[in-house]
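**Q** Chains as they are written, first to last, in numbering that gives the first Met the number 0: chain A, 0 to 336; chain B, 0 to 305.
Have a look at this one.
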Amino acid sequence: MNPIVVFDAVTRIFQVRGSTEAGTAPGARIVQALDRVSFAVREGEILGLAGESGSGKSTIAELMAALQTPTNGRVLFNGEDLAGLRGAGRREFHRRVQMIFQDPYESINPQHLIRWWVEEPLEIHGIGARADRLERVRRALAQAELRPPDAFLNRYPHQLSGGQRQRVAIARAIVLEPSLLVADEPVSMLDVSVRAGILRLLRRLRDELDLTILYISHDLSTVRYIADRVAILYQGKLVEIGGTDAVMRTPLHPYTQALMSAVPTLVVAGPRRPRVLLPAGNGSAATTPSCRFAARCPHAMNVCRQREPLLVELAPGHAVACFLHSEAAVPQPGGRA
Amino acid sequence: MSRNLSEGLTLAAATGPSWRTRLGILRRILFRDLSTAVGITVIVLFVLVALLAPVLMTDDPWAINRRPNGTIARLDPPSRAHWLGTTDLGRDIYSQVVVGSRAALLVGFLAALMTTVVGTSVAVIAGYFGGWVDDLLMRVVDFAYAVPFVPFVIILVSLLKPSLANVIIAIALLYWRSSARVIRAQVLSLRERPYIKAARVAGAGPWRIIYHHITPNILPLAMLYMAIGVGWAIITESSVSFLGLGDPLVISWGSMLNLAFTTGAMQRAWWWVLPPGFSIILLVVATFLVGRSVEEYANPRLRGEV
Chain A
0 MNPIVVFDAV TRIFQVRGST EAGTAPGARI VQALDRVSFA VREGEILGLA GESGSGKSTI
60 AELMAALQTP TNGRVLFNGE DLAGLRGAGR REFHRRVQMI FQDPYESINP QHLIRWWVEE
120 PLEIHGIGAR ADRLERVRRA LAQAELRPPD AFLNRYPHQL SGGQRQRVAI ARAIVLEPSL
180 LVADEPVSML DVSVRAGILR LLRRLRDELD LTILYISHDL STVRYIADRV AILYQGKLVE
240 IGGTDAVMRT PLHPYTQALM SAVPTLVVAG PRRPRVLLPA GNGSAATTPS CRFAARCPHA
300 MNVCRQREPL LVELAPGHAV ACFLHSEAAV PQPGGRA
Chain B
0 MSRNLSEGLT LAAATGPSWR TRLGILRRIL FRDLSTAVGI TVIVLFVLVA LLAPVLMTDD
60 PWAINRRPNG TIARLDPPSR AHWLGTTDLG RDIYSQVVVG SRAALLVGFL AALMTTVVGT
120 SVAVIAGYFG GWVDDLLMRV VDFAYAVPFV PFVIILVSLL KPSLANVIIA IALLYWRSSA
180 RVIRAQVLSL RERPYIKAAR VAGAGPWRII YHHITPNILP LAMLYMAIGV GWAIITESSV
240 SFLGLGDPLV ISWGSMLNLA FTTGAMQRAW WWVLPPGFSI ILLVVATFLV GRSVEEYANP
300 RLRGEV
């Protein structure tokens, strides 16, 4: 399968503007949201991206949708560097890559009718005449399972429930018939009762519209439900990536193991996976090369505090960045999943 | 109907209200309490007076009236012929007060409108684009804040010429600063909203985002500044005219006070001082009463919905 998006050693650094009134030296606060992250999203797959808050999940999403630019490294869409996109190329990119957001109450402009909101992308890209556009809006609403679409056209966002709003956001995202959908925590603000519906919808849309989806969540159970592959992020580092089953059944990285052990299961028979409890804290801001997880890792060794593990493919398609697994953890070039 | 409205309002309170519901909320707030209703009534009355001035006037406000014995009716107290008495040149004060409402309302609304348009535009552009655009525009705002108003008007009017238009321009040139600064702060918060990101993801350019996604959301705040601006503009025009820097060919309440003062009649002819003075106070207080309730509307915290 061809990669549709490639992250090539992407680093993203945020500079927190220190206020001089507070006596902070300018440029004193630097947050490294992503550190040399490399991975690919394959055409037609649903890639799950999991990690705790602050791990850089949303930064990846926004880089992928060109809402941000990398500090270092490249983001490629169909082989083209997003940094070089201008004019027509940029317009085409904004037609083919769409995004849905976490909070359906904040991600739809309250001032506009649903029909206007869903139609806006068509208007921006000058697609279709008025009547044709309305037809496309209806179709997108129906595809997002807002039926009958005519019942929603002339309503305002505040007249809809959270789940309905998220479907409106999805309708707006698919009205341009994109090839990539970035879904940043699309169900985490929704009631449990409507989550499954949205997840099923995303999977169905992937099949029917040939979409590729980046699905971001801190909730591994939804990732397991929807994703073909999973990438685990810890403090701006990709620590593990592989097929969903492989990563969920045999997590290799201690952090993934801890995450997995925290997922509630209904399995009564058979051995229960022991709960891995991590000490609090978020590790140290790495000033010297080291594994970022070392401070909290139950298996930390000396090498973990002296060198930084690279992502190494252990089984076909299953890679991990951990000295426990890679032979003496000799950093080798490559090792990209 | 009323049930639907109140349901709409509850929904709107719980989430982001639509533009149409906002108008409903505005209407409800404007007519809810007595002071606002009084304010609106007073403003409407003054607008009617201004519109119907030719009918309401009993005399040409510039005409020099004479007593039956042929002498000029200098500083006559109120009488049947001149309801609010006459000036030192025998001009009818009632008619002057009536026609003076036109200058007050014209300056008040035009200057407030210009102030708001300029302030909002600067705010939206500075807030949305940020960076050096923001820095530049905000330094201009700082500069506008540093300019003292009356000396500025004196210089401007002496450079140009005293006219109503120049007074309006002077007010607009300086008073946009406060709306610009406050609305910019609002824009800074709005531009980080996910729906702005959603617009950018769809490929919307900055002007589309400003026009369709930011401006509709700051309109309540802009309306607040407009409402407050009307009162300030009227006060300012009166002060400027009182200082003798107003348009000499336009009768305004301020210029009436100026004449009463400069001719030394202020001590003796209360009928020359009180009518324009009370008109200014009444109209300005009315605009502030309305402005207060617009503020309640613009700031959800004041209407008990945090």
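Heads up, the beta-carbon is just placed ideally off N, CA and C, and yes, glycines get one too.
At the level of alpha carbons, what is the spacing between valine 249 (chain B) and alanine 102 (chain B)?
**A** Their backbone Cα atoms lie some 7 Å apart in a straight line.
**Q** Alpha carbon to alpha carbon, how far is glycine 230 (chain B) from glutamate 304 (chain B)? Give it in angstroms, no decimals.
**A** Residue confidence is low: glutamate 304 (chain B) scores 44 on pLDDT, short of 50, so the model does not pin down where it sits. Its coordinate-derived value is still stated next. Approximately 28 Å, taken between the alpha carbons.
**Q** From the DSSP output, in three-state form, read off glutamine 67 (chain A) for me.
**A** The answer is coil: DSSP assigns glutamine 67 (chain A) none of H, G, I, E or B.
**Q** Determine, for glutamate 20 (chain A), whether the minimum Cβ-Cβ distance to residues of chain B falls below 7 Å.
**A** Unreliable positioning characterises glutamate 20 (chain A) in this predicted model, as indicated by a pLDDT of 46, which lies under 50. A coordinate reading is not provided.
**Q** Please work out which residues of its chain come closer than 7 Å, Cβ to Cβ, to leucine 10 (chain B), disregarding the five sequence neighbours upstream and downstream, and give them in chain order.
**A** Its pLDDT being 41, under 50, leucine 10 (chain B) is placed unreliably by the model, and nothing is read from it.
**Q** Does DSSP put tyrosine 104 (chain A) in a helix, in a strand, or in coil?
**A** DSSP places tyrosine 104 (chain A) in coil when its eight states are reduced to three.
**Q** Which chain A residues sit within Cβ distance under 9 Å of asparagine 216 (chain B)?
**A** Those are Asn108, Pro109 and Gln110, listed as they occur along chain A.
**Q** Which ranges does the alpha helix (DSSP H) cover as unbroken runs of at least 4 residues, wholly within the segment 190–247 of chain A, from first to last along the chain?
**A** The qualifying runs are 191–208 and 219–225.
**Q** Hey, tyrosine 296 (chain B) and isoleucine 24 (chain B) are a contact pair by Cβ (cut 8 Å); roughly how many whole angstroms apart?
**A** About 6 Å; that satisfies the 8 Å criterion.
**Q** Kindly say whether threonine 23 (chain A), judged by its beta-carbon, lies nearer than 7 Å to any beta-carbon of chain B.
**A** Low per-residue confidence applies at threonine 23 (chain A): pLDDT is 47, beneath 50, and the placement is therefore not dependable, though the value from the model is reported in the following sentence. Not closer than 7 Å to any Cβ of chain B, the Cβ of threonine 23 (chain A) fails to qualify, so no.
**Q** Excluding sequence positions up to five away, which residues of its chain have a Cβ less than 8 Å from the Cβ of threonine 85 (chain B)?
**A** Answer for threonine 85 (chain B): Asn64, Ala72, Arg73, Leu74, Asp75, Asp91 and Ile92, listed in chain order.
**Q** Compare the C-beta of valine 200 (chain B) with all C-beta atoms of chain A and state if any pair is closer than 7 Å.
**A** So, interface residue.
**Q** Report yes if the C-beta distance between threonine 68 (chain A) and leucine 33 (chain A) is below 7 Å; otherwise report no.
**A** No.
**Q** Give the interface partners of tyrosine 194 (chain B) over in chain A, defined as CB-CB distance under 7 Å, in chain order.
**A** Correct list: Glu105, Ser106, Ile107 and Asn108.
**Q** Under a CB-based cut-off of 7 Å, is alanine 122 (chain B) close to chain A?
**A** Judged by the 7 Å Cβ criterion, alanine 122 (chain B) is not in contact with chain A.
**Q** Which whole-angstrom value describes the C-beta separation of leucine 173 (chain B) and phenylalanine 151 (chain B), a residue pair presumed to lie in contact below a C-beta threshold of 8 Å?
**A** Correct: roughly 6 Å between the Cβ atoms.
**Q** By how many angstroms is the C-alpha of valine 246 (chain A) removed from the C-alpha of leucine 180 (chain A)?
**A** Their Cα atoms are separated by approximately 23 Å.
**Q** Going by C-alpha to C-alpha distance, which of A:Cys303, A:Asp206, A:Trp116 and A:Gln158 sits closest to alanine 197 (chain B)?
**A** Looking at the Cα atoms, A:Trp116 is the closest of the given residues.
**Q** What residue range is occupied by the uninterrupted alpha helix (DSSP H) comprising tyrosine 112 (chain B)?
**A** Inspection of the sequence shows that residue 112 (chain B) is occupied by leucine rather than by tyrosine. Looking at the DSSP string, the run of the alpha helix (DSSP H) that includes leucine 112 (chain B) is 92–128.
**Q** Which word fits isoleucine 182 (chain B), buried or exposed, when buried means at least 16 other C-beta atoms lie within 10 angstroms of its C-beta?
**A** Burial call: buried.
**Q** At least one CB of chain B closer than 7 Å to the CB of alanine 64 (chain A): is that the case?
**A** Yes, its Cβ sits closer than 7 Å to a Cβ of chain B.
**Q** Note down the Cα distance separating tyrosine 224 (chain A) from leucine 198 (chain A), rounded to an integer number of angstroms.
**A** One C-alpha to the other measures close to 8 Å.
**Q** If you count every other CB in all the chains shown that lies within 10 Å of the CB of methionine 255 (chain B), and 16 or more means buried, which is it?
**A** Buried is the call here.
**Q** Please work out which residues of its chain come closer than 7 Å, Cβ to Cβ, to leucine 62 (chain A), disregarding the five sequence neighbours upstream and downstream, and give them in chain order.
**A** Closer than 7 Å at Cβ, skipping near neighbours: Val9, Arg11, Pro69 and Val74.
**Q** So the candidates are A:Arg194, A:Glu239 and A:Ala64; which of them puts its Cα closest to the Cα of valine 162 (chain A)?
**A** According to the sequence as given, residue 162 (chain A) is glycine; it is not valine. Residue A:Arg194 is the option with its Cα nearest to glycine 162 (chain A).
**Q** Is DSSP giving valine 5 (chain A) helix, strand or coil here?
**A** Three-state result, valine 5 (chain A): strand.
**Q** For a quick check, are the C-beta atoms of alanine 125 (chain B) and aspartate 133 (chain B) less than 7 Å apart?
**A** Yes.
**Q** Does at least one heavy atom of the ligand NAP sit under 6 Å from the Cβ of leucine 223 (chain B)?
**A** This structure lacks the ligand NAP, and indeed carries no ligand of any kind.
**Q** With H, G and I counted as helix, E and B as strand and the rest as coil, what does DSSP make of alanine 182 (chain A)?
**A** In this structure, alanine 182 (chain A) counts as strand in the three-state DSSP scheme.
**Q** Closer than 7 Å, Cβ to any Cβ of chain A: which residues of the segment 138–161 of chain B, in chain order?
**A** From the segment 138–161 of chain B, no residue has a Cβ closer than 7 Å to chain A.
**Q** What does isoleucine 12 (chain A) pair with, by DSSP beta-bridge criteria?
**A** Looking at the DSSP assignment, isoleucine 12 (chain A) forms a beta bridge with A:Gln31.
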